[in-house]
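Just so we're aligned, residue 0 is where the sequence shown starts under numbering that gives the first Met the number 0, counting upward by one.
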Amino acid sequence: MPAPSSPRILVFDSGIGGLGVVQALRSLAPSLTIDYLADTALFPYGEQPDDILRERIADLVCKSCDTLEPALAIIACNTASTLALPILRERLDLPVVGCVPPIRWAGRVSASRTIGLLATSATARRPYLKQLHDEFAADCRLLIHGSRHLANLAERAFRGEQPDPAEVQQELACLFQQPGGNDIDAVGLGCTHYTFLLPYFQRLGPAGIMWLDPAPAVAQQALRRLCDVTEASLPASPSSPADRFFLTAHPQNGEELARNIAWLGFANGWDVFS
Ligand code: DGL
């Protein structure tokens, strides 16, 4: 009898950000089959108008779930999750795990009661942030920097380009030089891309800051939800067991991309999703 195939899951982001969640999934569940979809044609999401993004994300994720038939989808993007999670949960007949800025976590660990958040400019203007703040960290002062550049810097860092320390420091100054910024002791990463900048934040930011990257917690939550689904009803076995990596636009340097994703288990290179 053939061995049962492991369930497939879909991880979605605008670019490489969701690969931090993939990295966490690989260490927690090495046998999991992962399809990754990066909407590179519309990158950076943080600079797109909300109405265009909402439609785009809903259509693309629903279409990819029809084609790829995952047992669960992870929207590994704060910008997409804070905008489109409700519509995706309504339209899709499978568990959808999202990423939300870790304001609750920051509120739990902060001793100074001043917390920071780094996010895209789209996430930074979402009313949802105020709800999270009011509900989970109301006694903390929350300072936010909505960055227009960090997601791009993260893409470049993932490709192996060392970010210019002055550029990173300038972005961090936009958070820490706000009134009250000196009191910040915990900073949440409210954009999944920033996982790949974390070593630079730790090195170039003020001493003693707790940098909170939710990628491992998102991976854990997805695995818990996956256990619920697979115990109840596992979708039909996938036709191909290999992990697949899709983009929505042709990459600038396909060979380089293939090399950069191989260590995350995407050994068969990439494909354009259509
Ligand atoms: N990785 C995405 C996020 O978590 C957004 C990056 C972008 O496309 O602007 O918000």
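Where is the CB? At the ideal position from N, CA and C, for every residue including glycine.
Remember, predicted model here, so these are calculated numbers, not experimental data.
Under 8 Å Cβ to Cβ from residue i, same chain only, skipping five residues before and after it: list those, please.
{"i": "G17", "result": "V10, F11, Y35, A37, I73, A75, C76, T191"}
{"i": "Q251", "result": "none"}
{"i": "P162", "result": "L152, R155, A156, L196, Y199"}
{"i": "D138", "result": "G106, R112"}
{"i": "G159", "result": "N259"}
{"i": "R140", "result": "R112, T113, I114, G179, D182"}
{"i": "Q220", "result": "V96"}
{"i": "Y127", "result": "T81, V99"}
{"i": "D49", "result": "L82, A121"}
Given a threshold of 16 other Cβ atoms within 10 Å of its Cβ, counted over all protein chains shown, does residue i qualify as buried or as exposed?
{"i": "A172", "result": "exposed"}
{"i": "E255", "result": "exposed"}
{"i": "L27", "result": "exposed"}
{"i": "A231", "result": "With a pLDDT of 48 at A231, under the threshold of 50, the modelled position of that residue is not reliable, and the figure given next carries that caveat. Exposed."}
{"i": "H132", "result": "buried"}
{"i": "D212", "result": "buried"}
{"i": "P164", "result": "exposed"}
{"i": "I51", "result": "exposed"}
{"i": "E170", "result": "buried"}
{"i": "V99", "result": "buried"}
{"i": "S238", "result": "Because the pLDDT at S238 is just 43, under 50, the model does not fix this residue reliably, and the point stays unresolved."}
{"i": "C226", "result": "exposed"}
{"i": "P43", "result": "buried"}
{"i": "P6", "result": "buried"}
{"i": "Q47", "result": "buried"}
{"i": "D270", "result": "exposed"}
{"i": "D242", "result": "buried"}
{"i": "W104", "result": "buried"}
{"i": "A136", "result": "buried"}
{"i": "G189", "result": "buried"}
{"i": "A218", "result": "buried"}
{"i": "P101", "result": "buried"}
{"i": "A261", "result": "exposed"}
{"i": "G207", "result": "exposed"}
{"i": "G253", "result": "exposed"}
Hey, residue i and residue j are a contact pair by Cβ (cut 8 Å); roughly how many whole angstroms apart?
{"i": "A23", "j": "T78", "result": "The Cβ separation is near 19 Å, so there is no contact."}
{"i": "G187", "j": "L142", "result": "Their Cβ separation, rounded to whole angstroms, is 11 Å, which puts G187 and L142 out of contact at 8 Å."}
{"i": "M209", "j": "D184", "result": "6 Å"}
{"i": "L87", "j": "P69", "result": "L87 to P69, Cβ: 12 Å. No contact."}
{"i": "L246", "j": "F265", "result": "Not confirmed; about 11 Å, so no contact."}
{"i": "I8", "j": "L71", "result": "5 Å"}
{"i": "R90", "j": "C61", "result": "5 Å"}
{"i": "A40", "j": "A248", "result": "4 Å"}
{"i": "V21", "j": "L203", "result": "Rounded, the Cβ-Cβ distance is 26 Å, inconsistent with contact."}
Say yes only if the C-beta of residue i is nearer than 6 Å to one or more non-hydrogen atoms of ligand 1, and no if none qualify.
{"i": "S120", "result": "no"}
{"i": "H192", "result": "yes"}
{"i": "D12", "result": "yes"}
{"i": "P42", "result": "Per the sequence presented here, residue 42 reads as Phe, with Pro not at that position. Under cutoff, so the answer is yes."}
{"i": "T81", "result": "no"}
{"i": "G45", "result": "yes"}
{"i": "G16", "result": "yes"}
{"i": "C76", "result": "yes"}
{"i": "A150", "result": "yes"}
Identify, in the order they occur along the chain, each residue of the same chain with its Cβ nearer than 7 Å to the Cβ of residue i, setting aside the five sequence neighbours on each side.
{"i": "R124", "result": "G145"}
{"i": "W108", "result": "For clarity, residue 108 is Val in the given sequence; the question names Trp instead. Answer for V108: A185, M209, listed in chain order."}
{"i": "L222", "result": "L27, A28"}
{"i": "P215", "result": "A23"}
Considering only heavy atoms of ligand 3, does any lie closer than 6 Å to the CB of residue i?
{"i": "A23", "result": "What this structure holds is ligand 1, not ligand 3."}
Who are the Cβ neighbours of residue i in its own chain at under 6 Å, not counting the five residues just before and after it?
{"i": "I56", "result": "A79, A83"}
*If you scan the region 149-189 from start to end, which runs of the alpha helix (DSSP H) of 4 or more residues do you find wholly inside it?*
149-157, 164-175
*asked:* Quick check on the DSSP output: what are the complete beta strand (DSSP E) runs of length 3 or more inside the region 76-157, in order along the chain?
replied: 113-119, 140-146
*Write down every uninterrupted run of the alpha helix (DSSP H) in the region 186-212 whose length is 4 residues or greater and which is fully enclosed by it, in chain order.*
197-203
*Entirely enclosed beta strand (DSSP E) segments - the region 1-43, minimum 3 residues*: 7-12, 32-37
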